[in-house]
Amino acid sequence: MSRQTRVSNASMMSLPEKFSRFSWGLFIPMCLVLAISIIVLYSAGYGNWRPYALSQAVKILMGFGVFFLAAFSNIKTWIKSAYLIYAIALIMIIMVTFVGHTGMGAQRWLNLGIIHVQPSEFIKIALVLALARYFAWMNSVELGQFRTYLVPAAMLLVPFALIVLQPDLGTALSLGMITVGIFYIVGANKKWFLIGAILAALCAPVVWFGGLHDYQRQRIITFLNPDDDARGAGYQINQAKIAFGSGGLIGKGYMNGSQSQQSFLPEKQTDFIFTMLGEEFGFVGAFGLLTLYMIIIMVLFWCAKTCRNRFGQLICFGFMLNFFIYYFINISMVLGLMPTVGVPLPLMSFGGSSLLSLMFGFGLCQNAHIHKDQQLSAKGS
Numbered sequence: 008m009s010r011q012t013r014v015s016n017a018s019m020m021s022l023p024e025k026f027s028r029f030s031w032g033l034f035i036p037m038c039l040v041l042a043i044s045i046i047v048l049y050s051a052g053y054g055n056w057r058p059y060a061l062s063q064a065v066k067i068l069m070g071f072g073v074f075f076l077a078a079f080s081n082i083k084t085w086i087k088s089a090y091l092i093y094a095i096a097l098i099m100i101i102m103v104t105f106v107g108h109t110g111m112g113a114q115r116w117l118n119l120g121i122i123h124v125q126p127s128e129f130i131k132i133a134l135v136l137a138l139a140r141y142f143a144w145m146n147s148v149e150l151g152q153f154r155t156y157l158v159p160a161a162m163l164l165v166p167f168a169l170i171v172l173q174p175d176l177g178t179a180l181s182l183g184m185i186t187v188g189i190f191y192i193v194g195a196n197k198k199w200f201l202i203g204a205i206l207a208a209l210c211a212p213v214v215w216f217g218g219l220h221d222y223q224r225q226r227i228i229t230f231l232n233p234d235d236d237a238r239g240a241g242y243q244i245n246q247a248k249i250a251f252g253s254g255g256l257i258g259k260g261y262m263n264g265s266q267s268q269q270s271f272l273p274e275k276q277t278d279f280i281f282t283m284l285g286e287e288f289g290f291v292g293a294f295g296l297l298t299l300y301m302i303i304i305m306v307l308f309w310c311a312k313t314c315r316n317r318f319g320q321l322i323c324f325g326f327m328l329n330f331f332i333y334y335f336i337n338i339s340m341v342l343g344l345m346p347t348v349g350v351p352l353p354l355m356s357f358g359g360s361s362l363l364s365l366m367f368g369f370g371l372c373q374n375a376h377i378h379k380d381q382q383l384s385a386k387g388s
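Quick note, the numbering used here runs 7 ahead of the 1-based positions in the sequence shown.
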């Protein structure tokens with residue numbers, strides 16, 4: 008059978024044929040990180056399945072449903088529905104502005120009765136999907152024109168502004184970095200990035216005095232001098248450093264971390280779960296998790312490079328950027344290398360919105376890999 012025939016038959020693959028193309032190199036590290044999250048969350052619950060480990064296990068099972076649905080469906084489905092998915096995610100963010108649920112000082116959640124969802128987590132994947140759909144069939148001439156980027160810039164700026172108002176600066180910055188990364192990947196003129204950086208620097212004083220809340224400015228001040236208010240604004244980051252540093256090479260042992268087990272470490276089950284891992288399992292445990300993350304990044308890069316259609320390439324590259332930004336910001340934050348922002352550790356932190364959105368993204372990348380030889384059109388045919 009010729010390669011052209013194999014390509015034309017790609018959309019008619021049976022489930023066993025799709026399964027034969029499944030990337031175990033991406034699936035296994037993902038599952039290992041999820042298993043580690045349950046282990047650490049069990050410890051965060053002081054040796055009890057409730058309130059964290061059992062709830063997260065249920066969410067992981069739901070996530071696998073989303074993952075397999077995204078992975079084994081026809082890739083044309085995601086081409087045709089890319090803009091619709093983005094629109095739904097954007098509408099959810101708009102709804103947060105008017106009827107959102109407030110928690111921990113921010114209005115970021117929608118109360119759907121039985122669950123609370125955070126739409127800002129879903130817009131990251133939705134934006135990657137929509138940008139992949141937008142750029143996939145453009146030629147080099149179109150990609151070199153400034154006007155080409157006006158629509159995707161608007162697709163970024165609307166949710167960016169709404170998320171900043173929630174306020175959720177960490178997620179908004181992540182969204183911006185993902186979009187800029189995709190612009191770079193598709194071949195945007197390099198001088199535009201330089202101009203953008205200069206404009207951002209010029210706007211910094213305006214943002215500092217007029218765009219940031221008092222507590223956000225305090226976080227930056229605390230980052231620069233965490234000992235200035237060690238019992239107040241600097242308490243969280245100082246406790247995180249103590250917890251992580253006290254783990255040493257192999258850690259204090261499972262469920263034996265003094266900072267976490269004696270409740271000195273705030274948000275140990277969510278944003279600061281990496282410090283809890285470091286305290287109990289030491290450098291070895293932390294390095295092991297980082298190794299799994301790097302394997303995931305390398306496999307996603309390989310999936311993108313081996314995909315013969317542009318849509319699949321951009322899905323993999325975009326999600327790779329998203330995943331990297333997630334864990335880079337979180338780990339830098341908890342180690343005191345960046346100001347504290349509300350960005351969870353991917354696949355590890357307690358919570359459903361981030362987990363489900365990430366597993367949907369993993370499923371889309373698996374889908375792109377399964378259909379890597381298929382030639383696609385803008386209409387999904």
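We treat Cβ as the ideally placed atom computed from N, Cα and C, and that holds for glycine.
With DSSP run on the structure shown, which of helix, strand or coil describes arginine 115?
strand
Here's the rule I'm using: 16 or more other beta-carbon atoms within 10 Å means buried, otherwise exposed. How should alanine 168 be labelled?
exposed
Where the alpha helix (DSSP H) containing glycine 203 begins and where it ends
197 to 213
Whole-angstrom distance between glycine 151 and glutamine 243, CA atom to CA atom
46 Å
Best match in Met184, Thr313, Pro273 and Gly252 for proximity to isoleucine 336 [C-alpha to C-alpha]
Met184
Could you tell me which of Val341, Ala247 and Thr347 sits nearest to serine 270, measuring between CA atoms?
Ala247
Name, in chain order, the residues that DSSP records as bridge partners for histidine 123.
Asn118
CB of leucine 138 within 8 Å of CB of proline 159, strictly:
yes
Pick from Leu182, Met262 and Val148: whose alpha carbon is nearest that of leucine 136?
Leu182
Minimum C-alpha distance to leucine 180 - residue among Ala207, Tyr53 and Val106:
Ala207
With valine 348 as the anchor, note down where its alpha helix (DSSP H) starts and where it stops.
Careful: valine 348 lies outside any alpha helix (DSSP H) and carries neither H nor E.
Quick check on glutamate 286: does DSSP put it in helix, strand or coil?
helix
If you run the structure through DSSP and keep just helix, strand and coil, what is tryptophan 56?
coil
Measuring CA to CA, which of Ala89, Pro126 and Ile86 is closest to valine 103?
Pro126
In this structure, how does DSSP classify proline 273 when only helix, strand and coil are distinguished?
coil
When we look at the beta-carbon of tyrosine 53 and count the other beta-carbons within 10 Å, is it buried (16 or more) or exposed?
exposed
With distances taken between CB atoms, is the gap from phenylalanine 142 to alanine 96 smaller than 8 Å?
no
Mind checking glutamine 373: buried by the 16 CB within 10 Å criterion, or exposed?
buried
Sorted by chain position, which residues of the same chain lie with C-beta nearer than 8 Å to phenylalanine 326's C-beta, five sequence neighbours on each side aside?
Ile132, Val135, Leu307, Gly368, Phe369, Leu371 and Cys372
Answer yes or no: do alanine 250 and glycine 264 have a C-beta to C-beta separation smaller than 8 Å?
yes
Through-space distance from methionine 366 to lysine 87, alpha-carbon basis:
20 Å
Can you look up tryptophan 144 in the DSSP assignment and give me helix, strand or coil?
coil
So, for serine 30: in the same chain, excluding its five sequence neighbours on each side, which residues have a beta-carbon less than 7 Å away from its beta-carbon?
Val306, Cys310, Gln373 and His376
Is the beta carbon of valine 40 sitting closer than 8 Å to the one on leucine 354?
yes
Leaving out the 5 sequence neighbours to the left and right, which residues in its chain are closer than 8 Å to leucine 172 when beta-carbon positions are compared?
Thr104
Relative to the alpha-carbon of leucine 176, which residue among Ile100, His123, Phe324 and Thr347 has its alpha-carbon at the smallest distance?
Thr347
Whose C-beta lies closer than 6 Å to the C-beta of glycine 70 among residues of the same chain, with five residues either side of it excluded?
Leu362, Leu363 and Met366
Straight-line gap, proline 351 to threonine 282 (C-alpha atoms, nearest Å):
12 Å
Cβ of phenylalanine 1 within 8 Å of Cβ of glycine 258?
Because the chain here runs from 8 to 388, residue 1 falls outside it and cannot be looked at.
From what residue to what residue does the alpha helix (DSSP H) around proline 433 run?
As shown, the chain starts at 8 and ends at 388. That puts residue 433 outside it, with no answer to give.
Taking 8 Å as the threshold (C-beta atoms), are leucine 321 and glycine 188 in contact?
no
Measuring only the C-alpha atoms, how far is proline 23 from phenylalanine 79?
10 Å
Whole angstroms are fine: how far does the CA of asparagine 146 sit from the CA of threonine 12?
Its pLDDT being 41, under 50, threonine 12 is placed unreliably by the model, and nothing is read from it.
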